[in-house]
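In the numbering used here, the protein residues as written are 13 to 520.
The next block holds one structure in the form of structure tokens; read it before the comments.
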């Protein structure tokens, strides 16, 4: 598949074309109030869309649950097309927004009949930013036969944002992973090449990998080569790397990668670093794009991982790629929820999560977005301790990390409405559809966070997907109406709801 030019402009995060844009008139468009609290001073929050909304232009459209990855582009008529991956519906919705970001129509560009796996994070590649597109790369996260996440047979999809329903193309050349995201670097990173960094959210003995696809033809998604990240000394244990150090890494080719039915064994043969579930990936918006960041969400240190070879509470990494060769770089741990130290090669974790720097409160970073000066890191708390309030001391946070100073702050927290018995009611005072279980601490999470400042014409404007997993009901089943209801957890059809909010006033 060779993806060429197009008539649209758009971005996964933020564009910097310098064009003049009439500022959008942002307001609450959803009947569902924003499910966030403790918002950073100076930041405004607007509710954009939820599963309880009915859109006038598409009265039968239901916004799906588990809103995860997303991408947005501007159309020639001034409207916007918003794609959202609904992880547990195995589907991707497509919502049209007017010039003020009001939803006016909706459908599904990919239903579960084609999606087939959980659709996680995604990246919208555009000619302006990446030199090809527009094409939405949707990462599929498969389950292993042993349970949990495993790179058995799931695919990365190429979706035409304006194409007919269920016409996405599988991209076997990008490998067979339990994919969280596949992120093309901008065209400024490596001239006349397409370089895509892939996060593998795997839990098995092989761990999760950071992979890279490289083609010497811009927009070629079929004929490049596939590589995995390794250390020159073949050290595969993640926790042999600690904060304050920088480590040489290389990307080693997976021979015959285009024809593999699974890439775990090949990655192991290449001595790939075994990370504890690689999640989202992004690059710094510095006009170059060779400074890459990724989250590793973590795994419990039990069973085969009792040696503590992988992070438990999660890490944020920085990868500085070589200016001329994308297969060489320097890797460092920016943030470490475990505060690992090494004594004669033996890792020691900070067991007291009430002391230490703010990152000690990490509960499994998942999604992230990079701007020129900041990282925004979103949590997806795992259930290692059953919501023990002495360990899971808060609900899911979004953190702001200053790339220039290293300062870390909390931006906001998921609002489970536990305090004071606040009811879950819509803006008209009626109850939410379905029922809402606030759950234990950290039982909700976030999805994509998109920098839409340039599209909205308002500095510091972002879209944020929220997954309130306790909000469920039969009314939310089969939102794409294809008759296929994925049974992800417990064998029951998925019946979750979700929402997207707008954040205004965040620093970039």
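Beta carbons: idealized from backbone N, C-alpha and C, even for Gly.
Every value quoted in this text rests on a predicted model; they were computed, and no experiment measured them.
Looking at C-alpha atoms only, which residue of the options is the closest neighbour of residue i?
| i | options | result |
| --- | --- | --- |
| residue 57 | 499, 367, 478, 321 | 478 |
| residue 506 | 373, 515, 475, 98 | 98 |
| residue 512 | 59, 140, 347 | 59 |
| residue 504 | 42, 46, 100 | 100 |
| residue 420 | 432, 429, 386, 400 | 386 |
| residue 483 | 120, 252, 450 | 450 |
| residue 372 | 173, 346, 355, 265 | 346 |
| residue 248 | 319, 427, 350 | 319 |
| residue 105 | 234, 370, 81, 441 | 81 |
| residue 10 | 185, 496, 403 | Absent from the structure is residue 10, since the part of the chain shown begins at 13 and ends at 520. |
| residue 285 | 297, 295, 260, 110 | 260 |
If I'm right that residue i touches residue j with Cβ under 8 Å, what's the distance once you round it to whole angstroms?
| i | j | result |
| --- | --- | --- |
| residue 192 | residue 153 | 7 Å |
| residue 123 | residue 178 | 6 Å |
| residue 77 | residue 488 | 6 Å |
| residue 148 | residue 134 | 6 Å |
| residue 219 | residue 288 | 7 Å |
| residue 13 | residue 223 | Not really, about 18 Å apart at Cβ, beyond 8 Å. |
| residue 173 | residue 93 | 5 Å |
| residue 205 | residue 183 | Going by Cβ atoms, the distance from residue 205 to residue 183 rounds to 17 Å, so no, they are not a contact pair. |
| residue 209 | residue 304 | 6 Å |
| residue 266 | residue 240 | 6 Å |
| residue 520 | residue 463 | 7 Å |
Using a Cβ-Cβ cutoff of less than 6 Å, which residues in the same chain neighbour residue i once the five nearest sequence positions on both sides are dropped?
| i | result |
| --- | --- |
| residue 69 | 116, 117 |
| residue 517 | 54, 55, 56, 472 |
| residue 143 | 199, 230 |
| residue 181 | 13, 170 |
| residue 331 | 304, 341, 343 |
Kindly list the residues whose CB is nearer than 7 Å to the CB of residue i, restricted to its own chain and excluding five residues on each side of it in sequence; keep chain order.
| i | result |
| --- | --- |
| residue 262 | 242, 244, 339, 340 |
| residue 67 | 73, 115, 116, 117, 118 |
| residue 508 | 77, 78, 100, 481, 483, 484, 488 |
| residue 438 | 43, 44, 64, 444 |
| residue 36 | 111, 112, 113, 468, 469, 470 |
| residue 194 | 135, 149, 151, 168, 186, 208, 210 |
| residue 290 | 192, 211, 212, 213, 220, 221, 222, 306, 308 |
Let me know the secondary structure DSSP gives residue i once reduced to three states.
| i | result |
| --- | --- |
| residue 475 | strand |
| residue 101 | helix |
| residue 190 | coil |
| residue 518 | coil |
| residue 83 | strand |
| residue 117 | strand |
| residue 47 | coil |
| residue 419 | coil |
| residue 247 | coil |
| residue 294 | strand |
| residue 378 | strand |
| residue 487 | helix |
| residue 126 | helix |
| residue 281 | helix |
| residue 497 | coil |
Using only the heavy atoms of the ligand PLP, determine whether one of them is closer than 7 Å to the beta carbon of residue i.
| i | result |
| --- | --- |
| residue 86 | This structure lacks the ligand PLP, and indeed carries no ligand of any kind. |
Ignore the nearest five residues each way along the sequence and tell me which others in residue i's own chain have a CB closer than 8 Å to its CB.
| i | result |
| --- | --- |
| residue 228 | 204, 205, 236 |
| residue 257 | 344, 345 |
| residue 158 | Any reading at residue 158 needs caution, since the residue's pLDDT is 38, under 50, leaving its predicted position unreliable; the model's value is listed next. Hits under 8 Å: 216. |
Can you find at least 3 beta carbon pairs, one from the stretch 327–334 and one from the stretch 297–316, that sit closer than 8 Å? Per the Cβ contact rule, the stretch 327–334 is in contact with the stretch 297–316 (3 or more Cβ pairs under 8 Å).
Examine the Cβ distances between the stretch 408–418 and the stretch 388–396 and report whether three or more of them are shorter than 8 Å. yes
Just checking, does the stretch 431–447 make contact with the stretch 344–359 on the three C-beta pairs under 8 Å criterion? no
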